[in-house]
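S.K.: Just so you know, we're using this note's numbering here: the sequence shown kicks off at 1 and counts up by one.
Have a look at this one.
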Amino acid sequence: MSARRFFSENHPGLINFLTHCRRQEAIMSWRACCSVCAFFLVAAITGAQEFRATLTGRVTDPQNLTIAEATVQVRNVSTGEVSSANTDSRGNFSIPFLRPATYTVTVAHSGFRQFTQQGVTLEVAQTAFLPIQLQIGSETQSVIVTAEAPLLETATADRGGVVDTQRVSELPLNARNPFMLGAMMSGVTFRGSAIWQRPFDNGAIAEWSINGSRQRQNEFLLDGAPNNGQAGGNNVAYVPIVDAVQEFKMQSNTYDAQYGHTAGGIMNVVLKSGGNKFHGSAWEFMRRTWLDANTFQNNSVGAPRAVHYLDQYGGQVDGPVLLPKLYNGHDKTFFLFSIENYREGTPSPLLLSVPAPEFLNGDFSKLVDANGKPKPNTTTPNSAYSQYNLSIPGYFAKDKFYNYIARVDEIIGQKHRVFGHYAQNSRTEDRNDNGVFSGPGQGGQQPFQRLNWAATVDWVGTFSPTFIGNVRVSFNRFIEQGFGAGDVGFDLTTLGFPASTISQLPGGKFFGRYEFDGYSYLGRYRDVNITNNYGINPNITKIWKSHSFHTGLDFRRIYYILNSTGNIWRFKAWKNYTQKTWNQGDALSGSSIASFLLGVPSEGGSDYPLFPFFRQWYYAPFVQDDWKVSSRLTLNLGLRWDFTLAPDEKYGRLNYRFDPNAQADPSQFPELANYKGGLTFAGVGGNPSKAANTNYWNVQPRIGAAYQLRRHLVMRGGWARYFANPSNDWQKTTGFSTSTPLVSSNDGGRTPIANLLSNPFPNGILTPTGSNRGAATFVGRDFSWFNPDFKTPSADEFSFGFQVEFSPSSMLEASYVGSRGHNIQTVRSYNIPSLDLRRQCNLLEGGNHSYCDARLPNPFYQQPAFLGTSFYTSSTLSRFQLSRPFPQFSGDLQEQGLNTGATWYNSLQVDYNVRLRRGLNLLADYTFSKLVERWGYNDPYRGIMQEGLYYNDRPHMLKVTTVYELPFGRGHWIGGNVHGFLNRLIGGWETTTFLTAQSGEPADLPGNVRILRDPKLPIPGWHAPKVQGWRPCVLQMDPNTGAVSPEAYSINYGCGTDPSTYNFLILPPYAPRETAYRSGQIRMYRTLTMDASLDKTFPFSERARLQLRLEAFNVLNHYAFPLERFNTNPFDPNFGSLFPGRISTVNSGMPRQLQLGAKFLW
């Protein structure tokens, strides 16, 4: 195969770029283009995101003069692996690709005593600087020092936090998920649910915001390999067993060009490897009902504790590979194998509304208004109801997980090292969320499965002490699927639905989905998605004088496969057809159950799904130079170039853009001859085969500097640009799948079609047409498309600060840290009428809503192109609809992928770190910050965007983590001279804590009101039965006359009758939004959580010991609900309030839970 053919088939972006260069010679010469491509091709055989450490240093004599050509050897204490280098003319040395471990460093030079430093611990992705001073003497003499690497970071400007082996193994981790160690770090906010932090909650545990990044914009690495799942959803793919984890690092500011594919931070997990000695462990962690506190929700209604159990057990063994009489792997071949099972029965409280039995017979006489008075006219004769629809509402009525890892390391001579790991886990869950636990109508996850596979092979070759090569190949696979088993195989004709319609549905027999406003739902659909992520990461390191060059390629191929049925049969009933005024909601009239019983659901449809197969390329060459300018100054200089190609669909079933000038074929659709505008398709009519055009200029410069002002004081700072991993929004397949909408009214919702469910789709079920209809695709319906000129969102990240070392084991760092998000993806309505028309409809601008609501003759009535839509069946349409730029399409036609958003983050971050001083490991962080966004449109007619606080803005965050060996027993402060049994009794005690205190998030504001006066209220108690966040003093405006009057519930609250004292005015129809999305003055409940443990270790011998653990999560039993919000519906009597006793467990924290654990280690 020729080179051109190879790149044409596999890297069309490169060929397009070369062609572009030839066409743009006036701007860029062909020679310059060739230079760029030469860099790309060199990198293509060399690139990776690294997890190993680099040890740098300077060797001097007693007069502090540098020593050249000194031999430096670094020996891994566990495996015996040796790496070496020679110092340059300035006495500098650099040894990369060192696994996180403890090392012994030896330096020798003629005329000087041999220097040996023991106990040098290197951490994940660390660049450590070790100053070494040789003493004059014979090489046969030696100087031995036992000391760890300095805490001061003088060789890099990177910021982040490392959780070392001790903290990883000793800290209490809810569900023993190592990624949750990231919550310890400054500038980091976790916004997932407290109950979903288990190793199989792949999506919930990806909800991180790092230094102001938007959530799910982070990179996850496992042994340096990509570990993201679900394509642009940015889930965590594989979560390793915590006992197999060597170290964890949160890289929050990284100025090294080898890292990318993120607009936030990097969560880097490194697995353990075996050594020359055998080690093993076995463990069991358990929770039971009697160890749990009751939930606040249960206590609020006097309910007992729900039954809960958890068993998490497993084992691990590692060491050299020994095959008696066949192979001795000491100093050469090592293995690790770890396995864990997880079995849990979790309480999942449901607060559901289901219809009273008499409701199902049409008797609503027990309904009362807000004052407890019976509502009039609440009984309807049974004869008025669609009889077979009476049967549908009548259907109202544990976790298994294994995980294992296998890893092998091989040392081939002194120049080659290879390791590989294979890991797999499987999770099956049964969780119900609608109260129907079996049979038809079953909802929730019954069952729900997540399956993960991860494999990596890595080779390092040392061609010379100054030239090192590395290649890493990786693969991960993530599958997520869920459905309701009880809904499968159900015959819908038994409910009275016409067999002629049911026979047209794809996917076999099933119950369907039925939703009732104000009540629980029935049924669910099948949802399956698969992600395959292939990676190859070659790179080389060249050390030349005081420079350490690192160049390579981060190359990925991603497959994202969807196999979801959608809602093949769905109906939803609102109150609108049974309330007092059809287009004005109120709290005193209407019932969705009554509407459904009348056979008039408000909305619904039948999806005809597509099972797409998306493919995407990503490659990023980079070059990095870490330059030791002088003994005090180090510069980190890098350049990365991302090529994030838009996805294509394997079979070409993909949209491209909306063309305002497109014309439907007049011979096929003469009714559209006078209407322009329509959807276009990838690979059709000269369009590219991908969802969007490729941006070839995602260039990311990086610069960092570390300057040692004093022996114990370092100034560090840097700036870096990163490009995000985009979302899945550009995977649009409109036309290749379709939906037959339910048409419930022919006059815009005023009058329902009688007994609609007897024949809900009179014109049959639509089937996909693909691109055959051209610009006539989806006429009469609403859809969205993705901006083909989309630019990958980027983030500029920067920091400046100081590190001061108080002692060899303690350090304080204070930094200004900020970020600026650019080209953030936003959405805007495309198909809206003119501003002049809106003025004629908006009461606040002198208009009247009746002008836009007026019904006019429908030019699309009974036209074949509109078959299956309300445009086909309705003889009139509103003036507003007919005044749209493209009236043949209903709705606003959302354009996604616009790059008009932005974020601004500024913070002060202070970190204090104590490393094993008198038995104490301490990490204390404080962050003072503000995060602002520009996203969404308050007034799309005028192009006015919303700007305000981001939803997870938290001005203050304090985190304290400790691991403390209690000073009891031999060699300690108390009982330092005891022996034998007494020493075993009082010694070996350890306690750990992890405390977090942080501000509440800004409250969401209603979008359909004008704020007249500051509504903020003091909140005396957040645990009251009802918490009122703002004064619910609301005025409503008559949409015809403009007369203002108070809402009835406002009078009852005590707001009075004087409109000048009210806080809110409900805006009339067609008025644009006036408020920001959130308020910094009104905040949700702050959180204070603390996890702790008390451990006792019983030594049986020098190598064998038993550890008993008592762990407490939320030990203070502090009830928090960080994800809950105040009611923002101004028509609701509970406007501005929340009910702590009714908050779901998803939005609230767990009550205190105790966990008992036992670990046997040898």
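Note that beta-carbon positions come from the ideal geometry of N, C-alpha and C, so glycine has one too.
1) Using only alpha-carbon positions, find the residue among 515, 670, 610 and 667 that is nearest to residue 604.
2) Is the distance from the Cβ of residue 185 to the Cβ of residue 286 below 9 Å?
3) Quick check on residue 113 - is its C-beta less than 9 Å from some C-beta in chain D?
4) Starting from residue 296, trace the alpha helix (DSSP H) both ways and give me its first and last residue.
5) Using three-state DSSP, classify residue 1011 as helix, strand or coil.
6) Inspect the CB distances between the segment 60-67 and the segment 95-102 and report whether three or more fall short of 8 Å.
7) Residue 261 to residue 698, Cα distance in whole Å?
8) Anyone know if the C-beta pair for residue 1117 and residue 1151 falls short of 9 Å?
9) Relative to the C-alpha of residue 755, which residue among 745, 763 and 850 is closest?
10) With distances taken Cα to Cα, identify the nearest neighbour of residue 942 among 1003, 897 and 839.
11) Per DSSP, residue 515 forms a beta bridge with which residues?
12) Under 9 Å between the Cβ atoms of residue 821 and residue 902?
13) Judging by CA-CA distance, which residue of 875, 1064 and 164 is the nearest neighbour of residue 126?
14) Alpha carbon to alpha carbon, what distance is there between residue 654 and residue 733?
15) What residue from 239, 510, 740 and 715 has the CA that sits closest to residue 815's CA?
16) Can you find the residues in the same chain that come closer than 6 Å, C-beta to C-beta, to residue 967, ignoring five residues on each side of it along the sequence?
17) Quick one: any contact between the segment 934-953 and the segment 848-868, if contact means 3 or more CB pairs under 8 Å?
18) When you compare each of 80, 669 and 955 to residue 277 by their alpha carbons, which one comes out closest?
19) What first and last residue would you give for the alpha helix (DSSP H) that runs through residue 170?
20) For residue 211 versus residue 236, is the C-beta spacing smaller than 9 Å?
21) Distance, Cα to Cα, residue 667 vs residue 774?
22) How would you write the range of the alpha helix (DSSP H) that residue 499 sits in, first residue to last?
23) With a threshold of 7 Å on Cβ separation, who are the neighbours of residue 498 within its own chain once the five nearest residues in sequence on each side are excluded?
24) Check whether the segment 535-551 touches the segment 479-498, taking contact to mean three or more Cβ pairs, one atom from each stretch, closer than 8 Å.
25) If residue 658 sits next to residue 422, beta carbons under 8 Å apart, how far is it from one beta carbon to the other, in whole angstroms?
26) Considering only residues of the same chain and omitting the five flanking positions on each side of residue 1191, which have a CB-CB separation below 6 Å?
27) Short check: CB of residue 467 to CB of residue 530, under 9 Å?
28) Give the straight-line distance between the Cα atoms of residue 144 and residue 156, rounded to the nearest whole angstrom.
29) Once DSSP output is grouped into helix, strand and coil, what is the label at residue 826?
30) Residue 459 bridges to which residues according to DSSP?
31) Within its chain, find whatever has a CB closer than 6 Å to the CB of residue 896; leave out the 5 residues flanking it on each side and keep chain order.
32) Could you work out which residue in 1033, 1056 and 938 is closest to residue 1071 when comparing CA atoms only?
33) Let me know the beta strand (DSSP E) ranges lying completely inside the segment 598-635, each 3 residues or longer, listed in chain order.
34) Could you tell me which of 637, 803 and 636 sits nearest to residue 708, measuring between CA atoms?
35) Go to residue 849, then tell me how far its beta strand (DSSP E) extends in each direction, as first and last residue.
36) Using beta-carbon positions only, say whether residue 705 and residue 633 come within less than 9 Å of one another.
M.R.: On the basis of the supplied data:
1) 515
2) no
3) Of the chains in the structure shown, none is chain D; there is only one protein chain.
4) 296-301
5) strand
6) no
7) 11 Å
8) yes
9) 745
10) 839
11) 572
12) yes
13) 164
14) 5 Å
15) 715
16) 973 and 974
17) no
18) 80
19) 165-170
20) no
21) 12 Å
22) 499-502
23) 759
24) no
25) Rounded, the Cβ-Cβ distance is 46 Å, inconsistent with contact.
26) Residue coverage of the chain in this structure runs from 1 to 1162, which leaves residue 1191 outside it and unanswerable.
27) no
28) 27 Å
29) strand
30) 418 and 471
31) 729, 784, 786 and 827
32) 938
33) 603-608 and 613-628
34) 803
35) No beta strand (DSSP E) contains residue 849, which is instead part of the alpha helix (DSSP H) from 849-853.
36) yes
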